[in-house]
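The structure appears below as structure tokens.
Numbering (my numbering), first residue to last: 14 to 375.
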């Protein structure tokens, strides 16, 4: 259905009819009931989106400020790790939920990203299972409720849910932050498009680049003004989620994202963000190790990282770097022999370094 040039009231009616037709095409049974609930949930979100469009609600950039120190918790200020008995008790109450993270299209892949082989013949999913062997985040909470999984986890004695993207290999279970909610980390030039936490009229809110007026996009990308960004690692209380959903007060932010299909058609993708409900903790950069490109994958498969029980740790002998497959087109590089010939010289140095091995200067 083409909604262009149609009044908002007719758009809502048209969408409802389209959704009813889609549901009617599903064979009767539990699957149809579950699908109908998902479509009802989407229609509620769509209605909120139309209402916000009608009111002309937009981000007021003059209200946006960097977070104050007291609005974010530094990881180093968290209590020390719990004793083994306490750790075991809390882990028994924890479930881990991994989001697929995409289809790997930027890496030339088609299919579930979690099935991509990452290291030593293991996929993203294999690495996750080796870490603890445990039994876009907004829609997740409603999906947990409508699928029955939320009630099932609570019945099994689970109290917390750790949510993260499968392609963030730094997102491991950390009992130090078990009781906190959302992880953010220091922003670098590679993360300038990532969502960030802001002070909006005295309240902590989450801001995505899609919400930023075009004239302020470059300011949004500033790592001086907005020093942290969301890792998409979330820790939630299952009972709290159930209570908020039952009370219909779990109002998630709706973000409009304009996309172009393979056929060239402009479409609107509605995304939900639950961040405004959560407190944030600023975690070490090691907890954000995304694999979004073949260059990222190239790093992970090299000896720049060591692997221990599914957890990747950077080899401290090597500098923090990025690699391209152009460096070693014949295979994965072994970096250790390079260490002896790698030096860093400040550009403003007044004395030449003493070099005893052959080097190439570029």
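We put the CB at the ideal spot given by N, CA and C, even for glycine.
Query: Inter-stretch contact at 8 Å, needing at least 3 Cβ pairs: the segment 68-80 / the segment 210-226; Result: yes
Query: Backbone secondary structure at residue 196 - three-state DSSP; Result: strand
Query: Backbone secondary structure at residue 212 - three-state DSSP; Result: strand
Query: beta-carbon residue 301 near the ligand PLP non-hydrogen atom, thresh 8 Å; Result: Inclusion of the ligand PLP in the displayed structure is not the case, the ligand content being empty and no account of it being possible.
Query: Under 9 Å between C-beta atoms of residue 63 and residue 21; Result: yes
Query: Simplified DSSP state of residue 218, which is helix, strand or coil; Result: strand
Query: Assigned secondary structure, residue 24 (DSSP; H/G/I helix, E/B strand, else coil); Result: helix
Query: C-alpha distance - residue 43 paired with residue 172, whole-angstrom precision; Result: 27 Å
Query: Residue 85 - containing beta strand (DSSP E), residue span; Result: First-last for residue 85: undefined, no H or E at that position.
Query: Residues that DSSP places opposite residue 326 in a beta bridge; Result: 319
Query: Where the beta strand (DSSP E) containing residue 244 begins and where it ends; Result: 241-250
Query: Coil, strand or helix - residue 267 by DSSP; Result: strand
Query: Simplified DSSP state of residue 33, which is helix, strand or coil; Result: helix
Query: Euclidean distance between Cα positions of residue 66 and residue 311; Result: 43 Å
Query: Residues near residue 236 by beta carbon distance below 6 Å, same chain, minus five either side; Result: 200
Query: Residue of 132, 133, 112, 134 minimising C-alpha distance to residue 126; Result: 112
Query: Spatial distance of residue 208 from residue 272 (CA atoms); Result: 18 Å
Query: Local Cβ density within 10 Å of residue 168, reported as buried at 16 or more and exposed below that; Result: exposed
Query: In DSSP terms, what residue 281 is bridged to; Result: 271
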